[in-house]
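Under the UniProt record's numbering, read the sequence shown as residues 1 to 623, first letter to last.
Cβ coordinates follow ideal geometry from the N, Cα and C atoms, glycine included.
Data block below; observations after.
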Amino acid sequence: MSYPREYESSLQRTEAFWLKQAGQLHWFKEPTKACAIKPSGMADWFADGELNISFMALDYHVDNGRGEQLALIYDSPVTGQKQTYTYRQLRDEVALFAGLLKKQHVKKGDRVVIYMPMIPQAAIAMLACARLGAIHSVVFGGFAPHELAVRIDDAKPKLVVTASCGVEVNRVIAYKPLVDKAVDEAKHKPTNVIVFQREQCKADLSRAGDIDWQQGLKGVTPAECTVVTSTDPLYVLYTSGTTGKPKGVVRDTGGYAVALNYSMQTVYAIAPGQVMFTASDVGWVVGHSYIVYGPLLAGATTIMYEGKPVRTPDAGAFWRVCADYKVNVLFSAPTAFRAVKKEDPEGTLLESYDLSSLERIYMAGERLDPATYDWTTDITGKPVYDHWWQTESGWPICANPVGIAEHPIKPGSATLPLPGYDVRILDYKAQEVAPNEQGAVAIKLPLPPGCLTTIWNDDDRFISGYMSEFPGYYSTGDGGYKDDDDYVFIMGRTDDVINVAGHRLSTGEMEEVLTQDAAVAECAVIGVQDALKGQVPVGLVITKDGVAISDTELAARLVQRVRDEIGAVACLKKILVVPRLPKTRSGKILRRVLRQIADGEEVVVPSTIDDPTCIDEIRDRLS
Numbered sequence: 001m002s003y004p005r006e007y008e009s010s011l012q013r014t015e016a017f018w019l020k021q022a023g024q025l026h027w028f029k030e031p032t033k034a035c036a037i038k039p040s041g042m043a044d045w046f047a048d049g050e051l052n053i054s055f056m057a058l059d060y061h062v063d064n065g066r067g068e069q070l071a072l073i074y075d076s077p078v079t080g081q082k083q084t085y086t087y088r089q090l091r092d093e094v095a096l097f098a099g100l101l102k103k104q105h106v107k108k109g110d111r112v113v114i115y116m117p118m119i120p121q122a123a124i125a126m127l128a129c130a131r132l133g134a135i136h137s138v139v140f141g142g143f144a145p146h147e148l149a150v151r152i153d154d155a156k157p158k159l160v161v162t163a164s165c166g167v168e169v170n171r172v173i174a175y176k177p178l179v180d181k182a183v184d185e186a187k188h189k190p191t192n193v194i195v196f197q198r199e200q201c202k203a204d205l206s207r208a209g210d211i212d213w214q215q216g217l218k219g220v221t222p223a224e225c226t227v228v229t230s231t232d233p234l235y236v237l238y239t240s241g242t243t244g245k246p247k248g249v250v251r252d253t254g255g256y257a258v259a260l261n262y263s264m265q266t267v268y269a270i271a272p273g274q275v276m277f278t279a280s281d282v283g284w285v286v287g288h289s290y291i292v293y294g295p296l297l298a299g300a301t302t303i304m305y306e307g308k309p310v311r312t313p314d315a316g317a318f319w320r321v322c323a324d325y326k327v328n329v330l331f332s333a334p335t336a337f338r339a340v341k342k343e344d345p346e347g348t349l350l351e352s353y354d355l356s357s358l359e360r361i362y363m364a365g366e367r368l369d370p371a372t373y374d375w376t377t378d379i380t381g382k383p384v385y386d387h388w389w390q391t392e393s394g395w396p397i398c399a400n401p402v403g404i405a406e407h408p409i410k411p412g413s414a415t416l417p418l419p420g421y422d423v424r425i426l427d428y429k430a431q432e433v434a435p436n437e438q439g440a441v442a443i444k445l446p447l448p449p450g451c452l453t454t455i456w457n458d459d460d461r462f463i464s465g466y467m468s469e470f471p472g473y474y475s476t477g478d479g480g481y482k483d484d485d486d487y488v489f490i491m492g493r494t495d496d497v498i499n500v501a502g503h504r505l506s507t508g509e510m511e512e513v514l515t516q517d518a519a520v521a522e523c524a525v526i527g528v529q530d531a532l533k534g535q536v537p538v539g540l541v542i543t544k545d546g547v548a549i550s551d552t553e554l555a556a557r558l559v560q561r562v563r564d565e566i567g568a569v570a571c572l573k574k575i576l577v578v579p580r581l582p583k584t585r586s587g588k589i590l591r592r593v594l595r596q597i598a599d600g601e602e603v604v605v606p607s608t609i610d611d612p613t614c615i616d617e618i619r620d621r622l623s
């Protein structure tokens, strides 16, 4: 089926389309109905279906001849350790740990907080929870105790699963003291804390309820799979909210399984037995969807990488992993490739590795600027695909559907809406705008399977945050446009559109111009308050290593570049060269924090920030 026909079928013959996709997976009880619309306009997907996603991802493959195929490869340049698991070995490890959870009286519907580094035990814990029908909530290992306590109080887990430490470049972070402090602060008290002991730093397990993972498994009976309904929650994943209070995005089980399996074919074109390297973290939605669940549902081999794109040991790290394991698809955030570009601008390190198995490179998590797209394409000679999605969607909203029919790439565009997503560009009156005109990106309800179903314990926040701005639509919070070919261009969050003397200007467009300069590795443009014009843009740039140009000369060149390409109306007259930008751990630039600093407001530093010390550096430059 061609993309136009498949896309139309997904919207016009929704029932038949999604039941067909559901039929590709192993259900204990196959669903007879795909979509049941609720009063909110949202849908319950496959509501009468019964399944277990851990069975689908592991046991099914073992039972059907893939038991000896590699399921998971662990590669840790920060510790020097490597390990592999076949589907049979991973199934057995998951069943055994599920038995340990069951011994602690974890059952269907209970919550379990997982606070882990990027080690196989993180995936094992997630899949073990799913095996029991328990709801996991993964919190990025190393988060501050207060933020962990907030999530404990919201999710109210029966227990916490952690490791004794996380290992980063040149440092070891003891996790157990952070967990203990969080539990002490939280009003809700988990019954137990299960700790996987790592040799780099052993934890003291003297508190009541502490359990040693390795010791606890002795004598445990492996757990069988619990039958759950499609609409039962699989996990709660916290994402930052505008109020500062994190939002617990709730994911169902059956709809998510169907959507992920469909996306593995349609977006990534991954066949059973192929290798997918998603360089992210299980603390983020990308890790849930395309390190753990998606590749395993598809019968592929997934890689868990405990390292960075650079300095573990160098900017050839990704290429080394791709060569070592004959990776077919590489997926990471644009910021990772910009880091590689900054340290190895000519791609010299890539020449040492055989990338003949690598078929495609994907980027998501933030807008892929054309400069980074061009650089990655040029040095690798591989197709590079931008695609756009959110924590809330769980799987891509817009992408190049290479599994159906590859479309020409337009740098700066995430290509086309995927089947199931009725993407519209709206003005403030909820009216569709003309092609090439910017507006708010919204999705006509109902959302396809796999998307969030609500906010944990807060249906009102779900409705007000996503459904109230444009009745009948899910508001993505992003701005952009469609061109004459229906290609979608995401220009950034809607609050990244600034108003300069009545002109609405996209900071993303200005960033695109700045990154075209040969000296610029990365940049952010923000709007700051101005008494005369309302707002004026300010650019913050990081230069590539080895660039020999004064800050003053570069600033003048960049100001002129923006004037030439966008016009004097852009009014970008101030460029600051900075050593680094505040980012989340997943690599997103914290533009709201930058605006607060520039406007002299109280800075609300989100829990997701990677390195808070850069705030003072930026404040000094902007003052």
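To the nearest angstrom, how far is it from the Cα of residue i to the Cα of residue j?
i           : j    : result
A300        : R88  : 14 Å
D75         : G439 : 43 Å
M363        : G209 : 42 Å
D281        : M118 : 6 Å
residue 689 : Q596 : The shown model of the chain, from 1 to 623, leaves out residue 689, and the question about it has no answer.
I397        : T372 : 21 Å
V604        : L590 : 11 Å
A47         : D386 : 33 Å
A182        : V150 : 8 Å
C165        : C225 : 30 Å
L101        : G67  : 24 Å
A163        : A186 : 19 Å
T221        : F97  : 9 Å
L260        : K156 : 28 Å
V94         : I379 : 40 Å
D551        : V577 : 6 Å
D530        : I618 : 19 Å
L217        : A223 : 12 Å
Of all the options the options, which has the alpha carbon lying nearest to the alpha carbon of residue i?
i           : options                   : result
G508        : G527, K247 and D252       : G527
Q24         : Y373, A298 and V569       : A298
V541        : S393, G567, P582 and Q535 : P582
L11         : L445, A336 and G109       : L445
residue 624 : I361, V604 and D44        : The displayed coordinates of the chain run from 1 to 623. Any statement about residue 624 would go beyond what the structure contains.
residue 626 : A122, G219 and V500       : Nothing in the structure corresponds to residue 626, since the chain is present only between 1 and 623.
S506        : G539, Y474 and D485       : G539
G255        : E306, V193, L148 and L447 : L447
V160        : D204, Q104 and S206       : Q104
R111        : I549, D517 and K189       : K189
R580        : A555, C523, V536 and A598 : C523
I114        : V138, A95, P313 and A98   : V138
G450        : T494, P419, T552 and S464 : P419
V513        : I498, R557 and Y474       : R557
Any beta carbon of chain B sitting closer than 8 Å to that of residue i?
i    : result
A598 : In the structure shown, chain B does not exist; there is a single protein chain.
Please state the DSSP three-state secondary structure of residue i.
i    : result
R585 : coil
A174 : strand
Y115 : strand
A430 : coil
W45  : strand
W395 : coil
Q274 : coil
W319 : helix
E147 : helix
Y481 : strand
K341 : helix
M304 : strand
A163 : strand
R311 : coil
D459 : helix
V258 : helix
For the ligand PLP, I want to know if residue i counts as a neighbour, meaning its beta carbon is within less than 7 Å of at least one of the ligand's heavy atoms.
i    : result
L540 : What this structure holds is no ligand at all, so the ligand PLP is not there to describe.
**Report entry** Segment contact flag, the stretch 23-40 with the stretch 1-12, C-beta cutoff 8 Å, min 3 pairs
**Finding:** No, because fewer than three Cβ pairs between the stretch 23-40 and the stretch 1-12 fall closer than 8 Å, the two stretches do not touch.
Query raised in the report: Is it true that the stretch 167-175 meets the stretch 270-279, where meeting means three or more beta-carbon pairs spaced less than 8 Å apart?
Result: A contact is defined here as three or more CB-CB pairs under 8 Å, and the stretch 167-175 fails this definition with respect to the stretch 270-279.
Query raised in the report: For the 8 Å Cβ check, are there 3 or more pairs between the stretch 321-338 and the stretch 352-359?
Result: In short, these stretches touch, since the Cβ pair count reaches three.
Query raised in the report: Fully enclosed by the stretch 74-142, which beta strand (DSSP E) runs are 3 residues long or longer?
Result: For the stretch 74-142, the full-length beta strand (DSSP E) segments reaching 3 residues or more read 81-86, 111-116 and 135-140 along the chain.
Query raised in the report: Any contact of the stretch 404-418 with the stretch 456-468, i.e. 3+ C-beta pairs under 8 Å?
Result: Short answer: they don't touch.
Report task. Entirely within the stretch 179-244 and at least 4 residues each: give me those alpha helix (DSSP H) ranges in chain order. Result -> List check, alpha helix (DSSP H) in window: 213-216.
Query raised in the report: How about the stretch 117-133 and the stretch 52-71: do they share at least three Cβ pairs that are nearer than 8 Å?
Result: Yes, the stretch 117-133 touches the stretch 52-71.
**Report entry** Start-end ranges of the alpha helix (DSSP H) lying completely within the stretch 486-566, minimum 4 residues
**Finding:** Correct list: 507-515 and 551-565.
Query raised in the report: Mind pulling the alpha helix (DSSP H) runs of 4 or more residues that sit fully within the UniProt domain "Acetyl-coenzyme A synthetase N-terminal" (3-55)?
Result: Within the UniProt domain "Acetyl-coenzyme A synthetase N-terminal" (3-55), complete alpha helix (DSSP H) segments of at least 4 residues are found at 3-12 and 14-22, given in chain order.
Query raised in the report: Taking one C-beta from the stretch 303-314 and one from the stretch 336-345 each time, how about it: are there three or more such pairs within less than 8 Å?
Result: They touch, by the three-pair rule.
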